[in-house]
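One structure below.
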Amino acid sequence: MRRYLLLGLLLACFAAHADSSLRVGDKVLTIGDSAARVQELMGQPVVRTFLDQQDGGLPDHQLSRGEQWQYAQDNKTIIVTIVNGKVTDFETQYH
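For the sequence shown, the positions run -18 to -1, 1 to 77 when mature numbering (1 follows the signal peptide of the UniProt record, and there is no 0) is used.
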């Protein structure tokens, strides 16, 4: 029984780590990396969407500017969200 619990915890840790990083060839892009690092590893995005996002630390009348950069790769679209010049999220959509 303990083995199964340990295995479940290890899988949960792996899944949590996978959400905070993205493999790009032999390099890794992580949450907190700069927009320049994204362009260095992935090039120019195919689609660039500008967002207005409420940041928890800002008053209600202030919004932080964010962007979503889309990259097409091998039957999938990778969406990288960037707020204030830093990566905040990755999303992969499979076609």
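Cβ atoms here follow ideal geometry from the backbone N, Cα and C, with glycine treated the same way.
Predicted, not measured: the structure shown is a model, and the values here were computed from it.
Which residues DSSP lists as bridging residue i, in chain order
i, result
"residue 23", "Answer is none; residue 23 lacks a bridge partner."
"residue 34", "47"
"residue 28", "Answer is none; residue 28 lacks a bridge partner."
Same chain, Cβ closer than 7 Å to residue i, five either side skipped, listed in chain order
i, result
"residue 2", "12 and 13"
"residue 67", "16 and 17"
"residue 76", "57 and 58"
"residue -1", "Note that residue -1 scores 49 on pLDDT, short of 50, meaning its location in the model is unreliable and no value can be drawn from it."
"residue 27", "51, 52 and 53"
Whole-number beta carbon distance between residue j and residue i, since they are thought to touch under 8 Å
i, j, result
"residue 56", "residue 63", "Not confirmed; about 21 Å, so no contact."
"residue 20", "residue 69", "6 Å"
Residue span of the beta strand (DSSP E) that contains residue i, given as start and end
i, result
"residue 13", "Taken as a continuous stretch (DSSP letters only), residue 13 belongs to no beta strand (DSSP E), as it is neither H nor E."
"residue 65", "58 to 65"
"residue 3", "3 to 6"
"residue 69", "68 to 76"
Proximal residues to residue i (C-beta, below 8 Å), its chain only, five neighbours per side dropped
i, result
"residue -3", "Note that residue -3 scores a pLDDT of 43, beneath 50, so its modelled location is shaky; the value from the coordinates is reported in the next line. Closer than 8 Å at Cβ, skipping near neighbours: no residue."
Among the options, nearest to residue i - alpha-carbon criterion
i, options, result
"residue 34", "19, 21 and 48", "48"
"residue 23", "5, 75, 76 and -16", "5"
6 Å CB neighbourhood of residue i in its chain, flanking five on each side removed
i, result
"residue 60", "53 and 74"
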